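Each residue of the sequence shown is one higher than the one before, counting from 1 in the working numbering. A quick write-up on the structure given underneath.
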Amino acid sequence: MEEERILSEEEKLIAEEKELKVLNSVGFTVKTKFWGKELIWKVNKIPLKVMFAQSYRFFKLKISQEKQESDDFQEILNSQFNSVADNAKLCAEIIAITILGTKWNNWIFRKLLTEHIFSNINSRELLEFTQNVLAMNDYQCFTISTTLLSAVRVTNPMKVEKTA
1 MEEERILSEE
11 EKLIAEEKEL
21 KVLNSVGFTV
31 KTKFWGKELI
41 WKVNKIPLKV
51 MFAQSYRFFK
61 LKISQEKQES
71 DDFQEILNSQ
81 FNSVADNAKL
91 CAEIIAITIL
101 GTKWNNWIFR
111 KLLTEHIFSN
121 INSRELLEFT
131 QNVLAMNDYQ
141 CFTISTTLLS
151 AVRVTNPMKV
161 EKTA
C-alpha cells in the first residue's frame with residue numbers, strides 16, 4: 001500500500017486554493033505532453049450541453065459492482081482488468097469532451113484529443129480530473145433546478161386511463 005504523506009502548511013494552502021477554484025467554477029487544468037512539450041488544457045465553466053454529452057457517456061461505463069466486492073481476490077483483479085479494458089478509451093473521450101467544451105467539440109477534434117489523452121493520462125490523473133469535473137458540474141444544483149421548474153406547473157395532467 002502507498003504510505004500516506006503529511007502535507008506542509010504551504011501544500012495544504014495550495015490544495016485548498018485549487019479546490020476553491022474548482023468549487024467556484026474558476027476551473028482547473030489538465031497537463032499532457034506532446035513530442036516532449038508540456039501542454040496545459042484549461043477547463044472553465046461546464047455548460048449544460050457538455051454535461052449532457054458527459055452523462056451520455058457515463059451511462060456507457062461498464063462496472064461490475066458485485067465482482068468488485070467479491071471475497072475472491074482473483075475475481076476482483078479480473079474485474080479491475082476488465083474495467084480498464086472496457087472503460088479506458090471512454091474515460092479519455094469524456095475528458096476530451098470536457099476540455100473541448102462547446103466551441104471545438106466536433107468529431108475530428110474529439111477523436112484526436114481522445115487519442116492524445118488516452119496516450120498521456122494515468123489512473124491517478126483520471127481520478128483527480130473526475131473529482132474536479134463532478135465538483136464543477138454540480139449535479140445537485142441541476143437536480144434542484146429541475147425540481148423547482150417542474151413544481152411551477154399549476155395542474156398535473158390527468159392520466160388517460162382515468163378519463164376513459
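Where a beta carbon is used, it is the ideal one built from N, C-alpha and C, also for glycine. Keep in mind it's a predicted model, so treat the numbers as computed, not measured.
For Trp41, there is no enclosing alpha helix (DSSP H); the residue is part of the beta strand (DSSP E) that begins and ends at Lys37 to Val43. As a beta-bridge residue in DSSP terms, Val30 pairs with Trp41. Selection Val50, Val84, Glu75 and Glu69 evaluated against Leu61 yields Val84 as nearest (Cα-Cα).
Phe58 is classed as exposed because its beta carbon has fewer than 16 other beta carbons within 10 Å across all chains shown. Here Val133 is buried: its Cβ has 16 or more other Cβ atoms, across all protein chains shown, within 10 Å.
In this chain, the alpha helix (DSSP H) harbouring Leu113 covers Trp107 to Asn120. The C-beta distance from Arg110 to Ala96 rounds to 5 Å, short enough to fall under 8 Å. In this structure Ile117 is in contact with Ala92, their Cβ atoms being roughly 4 Å apart against a cut-off of 8 Å.
Going by beta carbons, Ile94 and Val30 fall outside the 8 Å limit. If you check the CB distance, Ser79 and Ser55 do not come in under 8 Å. Assigned with DSSP and collapsed to three states, Asp86 falls in helix. In the three-state reduction of the DSSP assignment, Ile97 falls in the helix class, which pools H, G and I. Bounds of the alpha helix (DSSP H) holding Phe52 are Leu48 to Phe58. A Cβ-Cβ separation of about 5 Å places Thr102 in contact with Lys49 under the 8 Å criterion.
Under the three-state reduction of DSSP output, Leu7 falls in the coil class, being neither helix nor strand.
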